[in-house]
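S.K.: Quick one: structure below, then a few questions.
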Amino acid sequence: MENDNNDGRFRFPFITFVILIFYHDFIFINLSYYFEINSIVLSSSWKEVILLFITCYVFLYVFSCKINSICLKVILFSSISVFWGIFSSNGSLNETIIIGKNYIFPFLFVCSLFVIKSSDIEMKKVCNVLFFVVVLPNFFFGIWEVFNVKEMDDIWFYEPLLSSGNIFASFNHFRDGVIRCNGFFVGTLSYAVTGFCSFIIFFIMRKERYSSVKILVSLLMLLMSQTRTFFIGLIFFFILYLFYSIYKKKIDVFLTVVLLLASFLLVLLLLPYFSSDGSALGRIEQWTNALNLLISHPFGQGFFSIGITGDNRADSYIIDLIRIYGVYFIVLLYLTISFIIMTLNSSNHIKYSEIPCLLAISFLFILFFQSLLNTPVFYFIIMILVKVRKENHEKNSYTMCSVQ
């Protein structure tokens with residue numbers, strides 16, 4: 001998993017960091033509530049502190065070291081994205097950064113993965129660590145919730161967040177009187193998307209020992225979350241996997257974008273015929289408003305458009321990005337998919353290299369319908385995707401040097 005290195009250089013333990021993010025809310029919300037302390041340590045701000053150090057490291061590295069072309073492109077792309085979100089905002093710089101920190105963090109995390117030396121990652125092992133350290137404990141916690149959580153105040157985070165001024169809507173946490181499981185997360189969406197990603201991982205690894213059990217556990221997590229979007233996402237994944245199985249090394253970026261957008265539009269058009277509840281119809285209205293905003297504000301409204309408390313956030317992460325970036329979002333989406341497909345097409349010699357790539361595209365599809373802001377599994381996907389890309393680049397560089 002995270003192997004020791006003999007070169008004497010410090011290597012950041014990204015796997016440990018990402019695993020801690022999965023239990024971030026459970027640990028810090030309970031500590032803050034129990035000790036009645038809202039300090040920088042107990043108010044869940046440790047990620048922002050690390051982010052500040054990462055930012056300084058990245059800039060120092062860029063100005064003092066030679067970097068390869070891929071790393072330079074990633075840093076430039078991330079810098080443009082962050083500054084676009086900041087300077088297209090109408091609010092003060094301080095408020096804009098506070099609002100946008102959850103959108104800025106992923107860009108800096110990607111940069112840090114490229115710049116900071118890290119321990120080696122073996123795909124099979126790191127996926128098994130995710131299952132046994134994250135998925136399985138949340139699955140058992142979810143079963144406990146089904147049998148024991150009957151009212152809002154039975155939910156583990158209800159009292160701590162209520163005392164902080166948060167408002168809860170019953171329909172977000174119960175459906176037909178049955179709890180929508182949260183596990184160690186705040187909200188069922190993070191619980192559901194963790195099960196969703198686990199299902200995809202172990203479906204791809206289905207020939208490995210006990211993978212069928214892991215697939216079943218992941219599917220049961222989805223059922224306990226009672227979130228319909230992720231079952232639609234599984235259908236999209238199976239289509240994508242079939243697409244990948246047929247074309248293998250010949251996957252085209254443009255065709256992938258078409259498949260992604262066509263699948264999204266098909267689901268959006270069919271929603272009124274299969275669902276008449278407020279959430280489904282509300283998403284259609286939000287997308288209509290997003291397209292109108294794209295016309296009236298083609299360069300976006302920056303991070304400030306989300307609102308100081310995030311109260312203007314949409315049900316779709318993609319809609320929020322359209323509001324923030326405007327037409328630049330099209331570039332953002334295309335370059336992201338290009339990076340994923342280039343990694344997939346060039347890394348076939350690495351075992352299970354398709355896992356992060358197919359996982360990332362399936363996750364993108366879900367983002368059209370859900371606002372998975374700062375979800376822990378998002379950082380897990382970024383980590384394994386970048387690690388596969390770097391491993392492939394390093395192997396190619398080594399091969400070229402050997403030939404010379």
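Position 117 of the sequence shown, counting from 1, maps to 117 under our numbering, and the rest follow consecutively. From the three backbone atoms N, C-alpha and C, an ideal C-beta is built for every residue, glycine too.
1. With a 10 Å radius around its C-beta and 16 neighbouring C-beta atoms as the bar for buried, classify residue 325 as buried or exposed.
2. Taking buried to mean at least 16 other C-beta atoms within 10 Å of its own C-beta, is residue 260 buried or exposed?
3. Hey, would you say residue 224 sits closer than 8 Å to residue 146, going by beta carbons?
4. Determine the burial state of residue 272: buried for a count of at least 16 other Cβ atoms within 10 Å of its Cβ, exposed for fewer.
5. In terms of residues, what are the limits of the alpha helix (DSSP H) holding residue 164?
6. So residue 69 is in the alpha helix (DSSP H); what residue range does that whole segment cover?
7. Measure the alpha-carbon distance for residue 125 versus residue 288 and round it to whole angstroms.
8. Go through its chain and collect everything with a Cβ distance to residue 133's Cβ below 7 Å, but skip five positions before and after it.
9. Evaluate residue 151 with the Cβ neighbour count: other Cβ atoms within 10 Å of its Cβ, from every protein chain shown; 16 or more gives buried, anything less gives exposed.
10. Since residue 386 and residue 113 should fall inside the 8 Å C-beta cutoff, what is the C-beta to C-beta distance between them, to a whole number of angstroms?
11. What's the C-alpha gap between residue 75 and residue 106?
12. Using CA atoms only, rank isn't needed, just tell me which of 123, 94, 70 and 109 is closest to residue 357.
13. Cα separation between residue 100 and residue 211?
14. When you measure from the CB of residue 292 to every non-hydrogen atom of the ligand COA, does any distance come out below 7 Å?
15. If you pair each beta-carbon of the stretch 178–187 with each one of the stretch 198–208, do three or more pairs fall below 8 Å?
16. Where are the alpha helix (DSSP H) runs, 4 residues long or more, that stay fully inside the stretch 137–200, in chain order?
17. For residue 40 and residue 31, what's the separation of their Cα atoms in angstroms?
18. Quick check: the Cα distance between residue 401 and residue 116, rounded to an integer number of angstroms?
19. How big is the Cα-Cα spacing for residue 253 and residue 164?
20. Between the alpha carbons of residue 241 and residue 329, how many angstroms are there, rounded?
21. Would you please state the rounded distance, in angstroms, between the beta carbons of residue 87 and residue 138? I believe it to be under 8 Å.
22. When you compare the CB positions of residue 322 and residue 367, do they come within less than 8 Å of one another, or not?
23. Go ahead and label residue 95 buried or exposed: buried means 16 or more other beta carbons lie within 10 angstroms of its beta carbon, across all protein chains shown.
24. Which value, in whole angstroms, describes the spacing of the CA atoms of residue 341 and residue 331?
25. Is DSSP giving residue 41 helix, strand or coil here?
26. Using CA atoms only, rank isn't needed, just tell me which of 173, 218 and 359 is closest to residue 153.
27. Given a cut-off of 8 Å, decide if residue 334 and residue 257 are closer than it, judged by their beta-carbon atoms.
28. Going straight from the alpha carbon of residue 175 to that of residue 307, what length do you get?
29. Quick check on the DSSP output: what are the complete beta strand (DSSP E) runs of length 3 or more inside the stretch 262–336, in order along the chain?
30. Once the 5 residues before and after residue 155 are set aside, which same chain residues still bring their CB inside 7 Å of it?
31. Measure the C-alpha to C-alpha separation of residue 292 and residue 214 and round it to an integer number of angstroms.
32. How would you label residue 144, buried or exposed, when you count the other beta carbons within 10 angstroms and need 16 or more for buried?
33. Using CA coordinates, which residue listed in 197, 23 and 337 is at the minimum distance from residue 157?
M.R.: So, to answer that:
1. buried
2. buried
3. yes
4. exposed
5. Run containing residue 164: none; DSSP gives neither H nor E here.
6. 69–87
7. 44 Å
8. 19
9. exposed
10. 4 Å
11. 12 Å
12. 123
13. 39 Å
14. The ligand COA is absent from the structure shown, which contains no ligands of any kind.
15. no
16. 158–163
17. Below a pLDDT of 50, predicted positions are generally treated as unreliable, and residue 40, at 48, falls in that range; the measurement from the model is reported next regardless. Using only the alpha carbons, I get a separation of about 12 Å.
18. Confidence at residue 401 is low in this model, with a pLDDT of 42, below 50, so its placement is unreliable and the value that follows should be read with caution. Near 23 Å, if we compare the C-alpha coordinates of residue 116 and residue 401.
19. 45 Å
20. 26 Å
21. No, residue 87 and residue 138 are not in contact; Cβ-Cβ is about 39 Å, not under 8 Å.
22. no
23. exposed
24. 15 Å
25. Its pLDDT being 49, under 50, residue 41 is placed unreliably in this model, and the value from its coordinates should be taken loosely. Here residue 41 sits in coil by DSSP.
26. 173
27. yes
28. 29 Å
29. none
30. 149, 173 and 182
31. 43 Å
32. exposed
33. 23
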